[in-house]
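Start counting the sequence shown at 60; every next residue gets the next number (this note's numbering). Just so it is clear, CB atoms sit at the ideal spot from N, CA and C, and this is done for glycine as well.
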Amino acid sequence: MFRYETHMHTRETSACASASGAEQARRYKQLGYDGIIITDHFFNGNCRREIKEGAGWEEKVELFCAGYDAAKEEGDRIGLKVFFGWEYCYEGADLLTYGLGKDWLLATPEVCLMNVFDYCDRVHGDGGYIVHAHPFREANYLREIRLLPQWTDAVEIYNCGNADDRMNDRARWYAESCGLPITAGSDNHHLTAARLSGVITADPLGGIEDYIDAVKNRRVIPIVPPVVYE
């Protein structure tokens, strides 16, 4: 069996993260994970200010990918798979987006001008996959809960960043009610995160397309703590 983190952030890109991409890669390797997916906050979310203020689109994309690039370089060195994604923000709905890379971003500068529905259509049209992260999270920075079952492909039914497990229970209910595939992730921003999640697969994942295929065909097992890492 193989373990993968599906939802995590780096300080190079996400303004709310304190762990670098390389540090995240080393920790997950030490804990026995086989791979990680870097999902830093997108341009319309809590990415670093210098990314938002980048002089041109190419500079913004390069800065945005810095956390992933650092994690990938370290992962290649230590033998940890590192895949790319991001967390798109829409007024309380956070959409983990997989299957599209730096080349897609460079070729799609209009992505920041799209409304959420055009964004989802474009992602799907170009072969991407969207997982609704922590759909029932309650926090002071979230004004309301927004559900988008027609526009998303799967639901994150466990997230370590949720303050109460009832939020995770509701996410599972939502996925089951809408017949959507499920996944799980830590939403890890820091090396001090004591609880980690992710998914277990029977076969190793060679690329992000393998992860998408495994979720789509319901071949992932969510990792639900109580394991505490010190």
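- Query: What span of residues does the alpha helix (DSSP H) with W116 cover, start to end?
  - Reply: In the sequence shown, residue 116 corresponds to position 57, counting from 1. Note, W116: alpha helix (DSSP H), W116 to F123.
- Item | Distance between V120 and K161 (C-alpha atoms, nearest Å) | Along the sequence shown, one-based indexing puts residue 161 at 102. Along the sequence shown, one-based indexing puts residue 120 at 61. Cα-Cα distance, rounded: 7 Å.
- Message: For D153, list the residues DSSP reports as bridge partners.
- Response: The residue given as residue 153 occupies position 94 in the sequence shown. D153 has C148 and A192 as its beta-bridge partners, per DSSP.
- How big is the Cα-Cα spacing for P284 and M226? Translated into the one-based positions of the sequence shown, residue 284 becomes position 225. Translated into the one-based positions of the sequence shown, residue 226 becomes position 167. P284 and M226: Cα-Cα distance of roughly 15 Å.
- Query: Which residues share a DSSP beta bridge with M173?
  - Reply: Here residue 173 is taken as the residue at index 114 of the sequence shown, counted from 1. DSSP, once it has assigned bridges, lists no residue as partnering M173.
- Query: Along the chain, where does the alpha helix (DSSP H) that runs through I247 open and close?
  - Reply: Here residue 247 is taken as the residue at index 188 of the sequence shown, counted from 1. Reading the sequence as shown, one finds Asn at residue 247 and not Ile. From DSSP, N247 is part of no alpha helix (DSSP H); its letter is neither H nor E.
- From R136 to A166, what distance separates their C-alpha atoms? As a working note, residue 136 is residue 77 in the sequence shown. As a working note, residue 166 is residue 107 in the sequence shown. About 29 Å.
- Who are the Cβ neighbours of E203 in its own chain at under 8 Å, not counting the five residues just before and after it? The sequence position of residue 203 within the sequence shown is 144, counting from 1. Around E203: E150 and G151.
- Assigned secondary structure, V141 (DSSP; H/G/I helix, E/B strand, else coil): Counting from 1 along the sequence shown, the entry for residue 141 is found at position 82. In this structure, V141 counts as strand in the three-state DSSP scheme.
- Item | Residue closest to V175, alpha-carbon to alpha-carbon, out of E268, T156 and D223 | In the sequence shown, the residue the question calls residue 175 occupies position 116. Closest by alpha carbon: T156.
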